[in-house]
Amino acid sequence: MKSNFTEKKAFAMLTKLEKLTLELAIIGGEI
Numbered sequence: 001m002k003s004n005f006t007e008k009k010a011f012a013m014l015t016k017l018e019k020l021t022l023e024l025a026i027i028g029g030e031i
């Protein structure tokens, strides 16, 4: 149960990083 929670947390962090990278790429492309 604890490891499953850690996996979900890591997955959420990865998803956030992916969103940030995509946003930065879009902003960088606009400039």
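If you read the sequence shown in full-length UniProt numbering, its first letter stands for residue 1, the second for the next number, and so on. We put the beta carbon where it would ideally sit given N, CA and C, even for glycine.
K2 versus K8: straight-line alpha-carbon distance, rounded: Numbered from its first residue, the sequence shown carries residue 2 at position 2. Numbered from its first residue, the sequence shown carries residue 8 at position 8. Distance from the CA atom of K2 to the CA atom of K8, rounded to whole angstroms, is 10 Å.
Distance between I26 and A12 (C-alpha atoms, nearest Å): What you label residue 12 is simply residue 12 of the sequence shown in a count that begins at 1. What you label residue 26 is simply residue 26 of the sequence shown in a count that begins at 1. Between A12 and I26, the C-alpha separation is close to 21 Å.
If you draw a straight line from the alpha carbon of E23 to that of L17, how long is it in whole angstroms? Stepping through the sequence shown from its first residue, residue 23 is reached at position 23. Stepping through the sequence shown from its first residue, residue 17 is reached at position 17. Straight-line Cα distance between these residues: approximately 10 Å.
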